[in-house]
Amino acid sequence: MTIVIRLNSPGKMEALMQLPPAAPLYSTTRKRKKLFRRISSSPWDSYQTFSSQGGPSGEKLLPIHAKHVYANKSSGLLPERCTLSALLLYYARNNLFSEAQTIWDDLLNSSFMPDPELVSELIFIYGRIGDFDRVTRILHEMQIKDSKRLPDIMSLSVSSFGRRGYLDCMELMIKRMVAMGYSVSSVAGNAYVVHYSAFGSLADMELAVGRLKRSRILIEENAIRAVSLAYIKKNKFYSLGRFVHDVGLGRKNVGNLLWNLLLLSYGAKFKMKSLQREFVRMVESGFCPDLDTFNIRALAFSRMCLMWDLHLSLEHMKHDGICPDLVTYGCVVDAYMDRRLGRNLRFALGKIGWDCPVSMRTDPLVFEAMGKGEFHSSSEVVMEYWGRKDWTYEMLVSVYLKKKFRSNQIFWNY
0 MTIVIRLNSP GKMEALMQLP PAAPLYSTTR KRKKLFRRIS SSPWDSYQTF
50 SSQGGPSGEK LLPIHAKHVY ANKSSGLLPE RCTLSALLLY YARNNLFSEA
100 QTIWDDLLNS SFMPDPELVS ELIFIYGRIG DFDRVTRILH EMQIKDSKRL
150 PDIMSLSVSS FGRRGYLDCM ELMIKRMVAM GYSVSSVAGN AYVVHYSAFG
200 SLADMELAVG RLKRSRILIE ENAIRAVSLA YIKKNKFYSL GRFVHDVGLG
250 RKNVGNLLWN LLLLSYGAKF KMKSLQREFV RMVESGFCPD LDTFNIRALA
300 FSRMCLMWDL HLSLEHMKHD GICPDLVTYG CVVDAYMDRR LGRNLRFALG
350 KIGWDCPVSM RTDPLVFEAM GKGEFHSSSE VVMEYWGRKD WTYEMLVSVY
400 LKKKFRSNQI FWNY
C-alpha cells in the first residue's frame, strides 16, 4: 500500500525532510492502523498540530526540535504566537528552562503580546520551584511590554497559586503586587479568602477575611460560601453566625444567602426558638423567604417531630407560591414515618401536590450542615438505579413505603 501526502509548497518538503528518521510515515502491518497528521499550511506554524497532542497547556506535546519550529527564521518569519506559547509551556513544565527562556525572549522581542493566562501559568511554574527572582524578572518585563495587563496577570497568578494549594506563594505574590504599586483587586482579594478557606486553617482563614475587610474590599458571594463551608465542615456554627452578622444581614446583592446561613447555624444545632426568632426578623427586614429558607426550617421541624410547625411552614410556602422540591417532601415523609403515621401521608402530601415531577433545587450547603433525610437518600438511589426521567413524588413515596413494609416483615420474621 502506498500513502501519498500532498505538498503544496517547497517549505513543506523541507520541513518533512528535516524530520528525524525514527518516526515512520507508514506501517506495513495490516492490524495496525495509524492516523497520520497532515502538514499544515505553513511549516510547523499551525496551532492545531499542538492542540491535537495536548492543547495549549503543553502537557502532552512531543519533543520537537527548535530547528523544525524555526525553519523560516532565516527568512525573517517567526512561528505563530499560539505555537510559541504551547512550546514555552511544554519546555517550562518539563524543566527545560533554558529553551523556555529562549522562546520567552522571542515572544518579548516580537510584536506578539503574551496572554495573561500564559504569563500567569509561567509564573506558577517558576514559583512552584521557588525561583521568585525569575518571577520578579517576568513581572518587570511585562511591565515594560504592557503595564496595563500586569494587574490581570497578577490576579490570575494569585488564583493559580491558591487553587493548587500553594498558599505561601500566593502570599508572596500579593506582597509583590503591593510592592510594585498596584492595589489588590476585588477578584484577587476574594480569591485570597477562597483559597485560604479551602487549604488553610480556620485561624488563617479568619486572618484573610480580616485583611480583606481592612482593605475595604467587599466580600463576594463565592468567598462567603467558601468561608461558610469551612465553618460547617468544622462544626463551628456559632462562628458561622458571628461571621454572617459581621458581613451584614442587610446586604441584598447576595439574595437571601446571609439570612439562610444564619438560620442554618441555628437549625443545625436545633435551637428552635432562635430559629423562629431570626425567621421573623428576616421577614420584618423586607426579605422574602425562598426555597432554601423553608427547607432549613422544615428539616429542623422534621428531625424534632414538630408536626404542627411543619404544617404551618408548608402552608406558608403554598401562600408565597414557592414550589417544594425533594427535600421538602422528604421532611414530611420522614416526620410521618418516625411518628408511625404512614397511612396519613396521602392526606399530608395531597395539600402540596404529589403528582409533580421530581426536582432538586436546595443549596448544597444545607446538606453539608444538616445532612440528607432517609427518604431523600433512598429516592436518589432509586432514581439513579432505574435511570427514568418521569419520576413523580407519588411514585417515589410508593416505592419507599414498599421498601419499609418489606424491611418490617423481615424484622418480625426473624
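Residues 0 to 413, numbered by numbering that gives the first Met the number 0, are exactly what the sequence shown covers, in order.
Glycine included, every Cβ here is placed at the ideal spot set by N, Cα and C.
Since we're looking at a predicted model, the values are computed, not measured.
Grouping DSSP H, G and I as helix and E and B as strand, with all else coil, what is Pro-113?
-> coil
Tell me, please, which residues DSSP counts as bridged to Thr-391.
-> Pro-356
Let me know the secondary structure DSSP gives Phe-269 once reduced to three states.
-> coil
Might you give, ordered along the chain, the residues of its own chain that have their beta carbon closer than 7 Å to the beta carbon of Asp-354, omitting 5 neighbours on each side?
-> Thr-391, Glu-393
Could you check where the alpha helix (DSSP H) with Phe-198 kicks off and where it finishes?
-> 185-198
Unbroken alpha helix (DSSP H) run spanning Asp-167, endpoints = 166-178
Whose C-beta lies closer than 7 Å to the C-beta of Asp-122 among residues of the same chain, with five residues either side of it excluded?
-> The question names Asp, but residue 122 is Ile in the sequence shown. Correct list, in chain order: Val-134, Ile-137, Ser-156.
CB-CB under 8 Å to Tyr-237, same chain, minus the five flanking residues each way: which ones, in chain order?
-> Ser-264
Cα-Cα separation, Gly-372 to Gly-329 | 6 Å
First through last residue of the alpha helix (DSSP H) which encompasses Met-153 | 149-162
From the DSSP output, in three-state form, read off Met-306 for me.
-> helix
Straight-line Cα distance separating Gln-275 from Ala-347 | 23 Å
Under 7 Å Cβ to Cβ from Ala-207, same chain only, skipping five residues before and after it: list those, please.
-> Tyr-191, Val-192, Tyr-195
For the alpha helix (DSSP H) that Ile-321 lies in, which residues bound it at each end?
-> Segment: none, Ile-321 is in no alpha helix (DSSP H) and carries neither H nor E.
Taking Leu-228 as the reference, give the member of Leu-201, Phe-111, Arg-345, Val-253 with the closest Cα.
-> Leu-201
Check whether the Cβ atoms of Ser-184 and Ser-154 lie closer than 9 Å to each other.
-> yes
Taking the CB atoms as reference points, tell me whether Pro-113 and Ser-84 lie closer together than 9 Å.
-> yes
Anyone know if the C-beta pair for Val-326 and Met-303 falls short of 9 Å?
-> no
Beta-carbon separation of Val-332 and Phe-374 under 9 Å?
-> yes
Could you check what DSSP says for Val-396 in three-state terms: helix, strand or coil?
-> helix
Sequence-distant residues of its chain with Cβ nearer than 7 Å to Leu-107 (five each side left out) | Glu-140, Lys-144
Mapping DSSP to helix, strand and coil, what is Tyr-89?
-> helix
Does DSSP classify Ser-284 as helix, strand or coil?
-> coil
Please say whether Gly-247 and Asp-289 have beta carbons closer to each other than 9 Å?
-> no
For Gly-341 versus Lys-403, is the C-beta spacing smaller than 9 Å?
-> yes
Using 10 angstroms around the beta-carbon of Gly-320, count the other beta-carbons present and answer buried if the total reaches 16, otherwise exposed.
-> exposed
Taking Val-279 as the reference, give the member of Ala-267, Leu-262, Phe-269 with the closest Cα.
-> Leu-262
For Asn-432, count neighbouring C-beta atoms within 10 Å of its own C-beta (all shown protein chains included) and say buried if the count is 16 or more, exposed if not.
-> The question about residue 432 has no answer here: the residues shown for the chain are numbered 0 through 413.
Is it buried or exposed for Val-282, if we count other Cβ within 10 angstroms and need 16 for buried?
-> exposed
Give me the Cβ distance between Phe-198 and Gly-164, rounded to the nearest whole Å; I'm assuming they're in contact under 8 Å.
-> 5 Å
Within the same chain, show all residues whose beta-carbon is closer than 6 Å to that of Leu-260, passing over the 5 residues directly before and after it, in chain order.
-> Ser-227, Val-243
Of all the options Gly-285, Lys-270, Gly-266, which has the alpha carbon lying nearest to the alpha carbon of Phe-293?
-> Gly-266
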